[in-house]
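The structure under discussion appears below in the form of structure tokens.
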Amino acid sequence: MAPQQTVAVKKGGNNSTLDGNTLLMNNANNFDYNSLILFVNGERVEETKIDPRTTLAVFLRDHRRLTGTKIGCNEGGCGACTVMISDIDPLNGQIRHYSANACITPVCAVFGKAITTVEGIGSSAMLHPVQERLSRSHGSQCGFCTPGFVMAMYTLLRNNPKPTEAEIDETIQGIFLRNLCRCTGYRPILEAFYSFSGSAGFKENEDEGIACSMGAQCCKNTAAKCRDERSELKVLSNFDGCKEYDQSQQLIFPPELQIGGFSQKSFELHDSDHHWYQPTTLAHALSLKRSLPNARIIAGNSEVGIELKFRFVDIMHAINLKQIAELRRAFLHDNEGAYIGMGLSLSEVEIILKKYIQELPEYKTRVFNAVVEMLHWFAGKHIRNMASIAGNIVTASPISDLNPIWMVAKASAVLVSEERGTRTVHLDENFFIAYRKTVIESDEILTGIWIPYSNERQYLRAFKQAQRREDDIAIVNSALMVEFEEQTNIVKWIRIAYGGMAPITKMAFHTQMALHQRKWDRELLEKGIDELRAEFTLPGDVPGGMARYRQTLAISFFFKFYLHVAERVQALDFRKSETDFCSIDHSGHYLIASQVFQDIPVSQASADPVGRPIMHQSGMKHTTGEAKYCDDYHPQDALSMVMVLSPIACGTLNSVDWSNAMKQPGVRAYIDHNDVREGAMLGHMHDTPVFVKDKISYHCQPIGAIIADSHEAARRAANLVKINCTEEKAIVTIEDAVENNSYLMEKPFVVRSRLAENYGEHEAITEDWSKYDHVIEGSVKIGGQEHFYFETQSCIVIPHEVDELEIIASTQCVSDVQISVADVLNIPQHKIAVKVKRIGGGFGGKEYASTVFVVPAAIAARKLRAAIKLTPERFDDMAISGTRHPFRCDYKVAVSNDGKLRNVQALLLSNCGHSFDLSVGVLQRAIVHFDNVYRFANAEIMGRMCRTNLASNTAFRGFGAPQAMFAAETMMAHIAEQTGMDVVQLRENNLYKEGECTPFGMHLRQCNIRRCWTECLQMSDYRSRLKEINDSNRASKYIKRGIYVTPTKFGVGFGLKHLNQAGALVHVYTDGSVLVTHGGMEMGQGLHTKMLQVLRCLLK
1 MAPQQTVAVK KGGNNSTLDG NTLLMNNANN FDYNSLILFV NGERVEETKI DPRTTLAVFL
61 RDHRRLTGTK IGCNEGGCGA CTVMISDIDP LNGQIRHYSA NACITPVCAV FGKAITTVEG
121 IGSSAMLHPV QERLSRSHGS QCGFCTPGFV MAMYTLLRNN PKPTEAEIDE TIQGIFLRNL
181 CRCTGYRPIL EAFYSFSGSA GFKENEDEGI ACSMGAQCCK NTAAKCRDER SELKVLSNFD
241 GCKEYDQSQQ LIFPPELQIG GFSQKSFELH DSDHHWYQPT TLAHALSLKR SLPNARIIAG
301 NSEVGIELKF RFVDIMHAIN LKQIAELRRA FLHDNEGAYI GMGLSLSEVE IILKKYIQEL
361 PEYKTRVFNA VVEMLHWFAG KHIRNMASIA GNIVTASPIS DLNPIWMVAK ASAVLVSEER
421 GTRTVHLDEN FFIAYRKTVI ESDEILTGIW IPYSNERQYL RAFKQAQRRE DDIAIVNSAL
481 MVEFEEQTNI VKWIRIAYGG MAPITKMAFH TQMALHQRKW DRELLEKGID ELRAEFTLPG
541 DVPGGMARYR QTLAISFFFK FYLHVAERVQ ALDFRKSETD FCSIDHSGHY LIASQVFQDI
601 PVSQASADPV GRPIMHQSGM KHTTGEAKYC DDYHPQDALS MVMVLSPIAC GTLNSVDWSN
661 AMKQPGVRAY IDHNDVREGA MLGHMHDTPV FVKDKISYHC QPIGAIIADS HEAARRAANL
721 VKINCTEEKA IVTIEDAVEN NSYLMEKPFV VRSRLAENYG EHEAITEDWS KYDHVIEGSV
781 KIGGQEHFYF ETQSCIVIPH EVDELEIIAS TQCVSDVQIS VADVLNIPQH KIAVKVKRIG
841 GGFGGKEYAS TVFVVPAAIA ARKLRAAIKL TPERFDDMAI SGTRHPFRCD YKVAVSNDGK
901 LRNVQALLLS NCGHSFDLSV GVLQRAIVHF DNVYRFANAE IMGRMCRTNL ASNTAFRGFG
961 APQAMFAAET MMAHIAEQTG MDVVQLRENN LYKEGECTPF GMHLRQCNIR RCWTECLQMS
1021 DYRSRLKEIN DSNRASKYIK RGIYVTPTKF GVGFGLKHLN QAGALVHVYT DGSVLVTHGG
1081 MEMGQGLHTK MLQVLRCLLK
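Per full-length UniProt numbering, the sequence shown starts with residue 1, numbered consecutively.
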């Protein structure tokens, strides 16, 4: 049953459509406003000339210079751009506050709304309580993500001034899944946010008699300890004296927007060939859609925005339906179920369905429950605040998280056309007709959806598996629903739908038929597994890969559904006491982690700040958005640069045609290898071309660059550059490199214990391995890893007098940037000034890799005599630069019957990419960490660097050591499996002892390996927990648990010994102020703060 639509429908008539220009003329007086009006931090803003494709983030940063709103991923995935939007609900007139991702929100979508950014709630001179507590809790490190966290929490408080910790935990799903932090691990952020809960207690002033929030950890309670004893602290944060959040002191909603009724005003904006329409009635929207059948309807823009930005889909006409009151209705019907209007956001749908769940009997709302549960994993809060169910349906993604539910529940969609009126269609196998295609006609609008009730005999469950648990694109998802015959456990019907197993969301028809009229017992379970295995067999080359894994997921979802239903019905052969099953529902079970900090000794002088948990020197700047990063600077008349990248991984570049790009508005120049000095190369080995000249070495290798007036103009022009090349077979994997004898160096690196001085007695028999008690051989592969620093490899190059260049760069290695620019441009180094205030994360990815980005910008700046700004998109950054080195380790190890390691031979192969970069150092560190914490009677460890057609892999935290230690621990587990030894005992038998020598000749002094290992086992109660797990696994046939403890040893020094030194220049001025210049780089580790602590200690 479809609700009555307040639409004037014209039956029959001419089916022809109007062209865009005719429509503009006919509708010239149909819109209330043709200029963009909004409020930003309380200030009225009106724009008459702006590209409708502009995002809110770009508008705030580039047009309003509010750079506190950061751009991390530019696709709604990280939350660094979070802002608060305030508006009036067009249906009921109530003021709403909600968070949103500014990077994918079209600026036109905030017509008649108020935007609050991090700058609008406080400054370092007057901190907002959220900003104050987050900075005091050490909740920022690099600080790039921090403004987004501030605004997410601020929005929560605007809607709920006194949230409980449980409510904050629920909000975490919205904050931490759409607000990522690469540095902190979230614990200090949580501590700050929990302090706003109604149960949190802290001192608002310093009056005596008010209990300290530190409780038993209060300094007054620990002062009686021995003066040399360092007490243990569970938290470092203290919010005593912090201001309370006061709702009355926040920005008010602009009266002009409320009095002027902007929520009910229509709006249009036109710029060149791109047009934006915001009708306020369904009739107006249907008229637009009939006249412009190819116009795209915009809701959350999470799909269309990505197409526009990264696929360069040119959307000429966009229609925003969010202000249509008719589409925001929701109600219950006695027979049909719940009607949800498509103008409601996913967050609003979740609230509405939860309300219905509370009001109705449990058995009637099982479909509602499945939707609410899936929405929790569907997306982050900021996305759900903007996106709609309609967008999820009409995009017809084969991995849509909601479409499987609609299909098994037989939900219905209400479609309306101006010409043909209203029709209701089932969201079933006939609705999704092909990949990304539905039965919706081009002039139809999806106005609502009917979600049916369930009955007592029906059970529904939805599942999803992604690469991370929450807020990620599904690998496979599923919904399963069953109805039983009355008073039996016999299946009346069962429906099973899968996403990610076909080009469309697919029903398991054969399996459904096979299970019809069967009892819900073990035979049904086995039959269902067999049928699904046959029905969803995927070929090895299936798009998306992981064929066997995806099939296994499909079967496991069915198994989980079987258990879910079996626990709720009286199946004849099912008993809850059966030991073959354990519950799959873990609601209410939370991971309880702990972290202990050492306090300073009581005897330490109060004026000595070293070791004290002092707030990050830039903490307040981070939380207020005042901390400046490279892209936050806007030099006068600066031009933007975007790279033109190779479409193939290996081959020959034949020609490049940039003529179409140069015709685009705002484009200034194109540069390529012709602008590079003959023979000039990048890299310590001078083996990396700045731009491709003839030989293409990896996919997305820079071929040239477009320089334009704006970043978006440069991106669109770069997409128009035509590249003609001849493709050759690429060497991609380590196995490819070995097969083709493709190495960066002819000879391997080798570490032999018998060459180490005073290594000890070599008891191993190296010639005849047959004499060992056990010999185990194996191989282990370790994949790469993206750095995912939040600030991409940005730089600004400003030309000054003659050849002088000023460079602002997001780099970890200032000297490498200076040296590389000087070498390629043939300029003396003293004429190049490289400046870095701070960087938004590095993790090794901004060591030498920064030169790949800075040097081309320097070439353009010198050529055009203009400031050049390069801020690569996240995709371009990841494609151009390398990752952590993938490794393969082949090992052969000998073990005695008493569990002693007698001999080992290991070959470490690293995938270095197309050039050296820092691969020598990475491999050298790997081979000297393969021993990890274990003493081998004899060891021979070799390493080789594989040359492949990948971006040059580079430094990463650990610098090769994690890969080697992982290989060693895999080998130890392999030994235990092959010999039947207890792996923990095997490790203990071979831990280094004090003074023993490593294979590379280092004698271990003050060796704490055994102490750390023993304390870890004792404090974790490992043995008891292991016994419980083993008992559980013996009792459970299907669901297994595990526990693992892994020791590590890591060398903290540089492999190149001359790097293990440091210096600083200290200026003491006549007014008593001090300036310190040092060679370190502030990238989130708080280095500047530590330098201040050291200096304060020295300059007493």
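Ideal Cβ positions, reconstructed from N, Cα and C, are used throughout, including at glycine. As the structure is a computational prediction, the values presented were derived from the model and not from experiment.
Cβ neighbour criterion (16 or more within 10 Å) applied to residue i
i            : result
Glu847       : buried
Arg290       : buried
Gly679       : exposed
Gln793       : buried
residue 1102 : Given a span of 1 to 1100 for the chain in the structure shown, any question on residue 1102 remains unanswerable.
Arg1023      : exposed
Tyr549       : exposed
Ser1073      : exposed
Phe691       : buried
Tyr363       : exposed
Thr1014      : exposed
Ser659       : exposed
Pro106       : buried
Met1081      : buried
Met84        : buried
Ser697       : buried
Contact set for residue i: own chain, Cβ-Cβ below 7 angstroms, skip 5 residues either direction
i      : result
Ala466 : Asp472, Ile473, Ala474, Ile475
Pro161 : Tyr245, Gln247
Met25  : Here the model assigns Met25 a pLDDT of 48, short of 50, so the residue's position is not dependable, and the following value carries that caveat. If we look at Met25 and ignore the five residues flanking it on each side, it has no Cβ neighbours.
Paired residues, beta bridge with residue i - DSSP
i      : result
Lys506 : Tyr498
Glu806 : Ile798, Ala833
Thr116 : Met84
Val821 : Answer by DSSP bridge pairing: none, since Val821 is not bridged.
Met481 : Leu460, Arg495
Gln278 : Phe267
Ala318 : Trp276, Arg296
Trp769 : Note: Trp769 sits in no beta bridge, so no partner.
Trp450 : Tyr339, Ser412
Lys869 : Ser640, Ile796
Leu909 : Arg888, Arg944
First through last residue of the alpha helix (DSSP H) which encompasses residue i
i       : result
Ser412  : Per DSSP, Ser412 belongs to no alpha helix (DSSP H); it is in the beta strand (DSSP E), 412-417.
Cys1012 : 1009-1020
Tyr549  : 547-566
First and last residue of the uninterrupted beta strand (DSSP E) at residue i
i      : result
Lys234 : No beta strand (DSSP E) holds Lys234; DSSP gives it neither H nor E.
Ile433 : 432-434
Own chain, CB closer than 6 angstroms to residue i, minus 5 neighbours either side, in chain order
i       : result
Val751  : Ile927, Ile941, Pro999, Phe1000
Ser896  : Asp773, Arg902
Leu1026 : Ile1043
Tyr562  : Leu525
Glu578  : Caution applies to Glu578, whose pLDDT of 44 falls short of 50 and renders its modelled position unreliable; the value that the coordinates give is listed next. Contacts found: none.
His317  : His275, Leu292, Ala295
Cut-off 8 angstroms between Cβ atoms - residues of its own chain near residue i, not counting five sequence neighbours on either side
i            : result
Tyr356       : Leu332, Ala338, Thr365, Phe368
Val439       : Val425, Asn430, Phe431, Ile433
residue 1102 : The structure shown does not extend to residue 1102, since the chain spans only 1 to 1100, so no value can be given for it.
Glu531       : Ala508, His510, Thr511, Ala514, Leu515
Pro856       : Met641, Met643, Ile671, Val690, Phe691, Pro702, Ala705, Leu870
Quiz item: Looking at C-beta atoms only, is the number of pairs between the segment 486-499 and the segment 516-529 that lie closer than 8 angstroms three or more?
Solution: yes
Quiz prompt | Inter-stretch contact at 8 angstroms, needing at least 3 Cβ pairs: the segment 866-883 / the segment 694-710 | solution = yes
Quiz item: Touching or not, the segment 265-279 and the segment 42-53, by the rule of three or more beta carbon pairs under 8 angstroms?
Solution: yes
Quiz item: Can we say the segment 1043-1055 touches the segment 912-932, given the rule of at least three CB pairs closer than 8 angstroms?
Solution: Touching, per the Cβ criterion.
Quiz item: At a cut of 8 angstroms, does the segment 112-121 reach the segment 175-191 through at least three beta carbon pairs?
Solution: no
Quiz item: Does the pairing of the segment 98-112 with the segment 73-87 give three or more beta-carbon distances under 8 angstroms?
Solution: Short answer: they touch.
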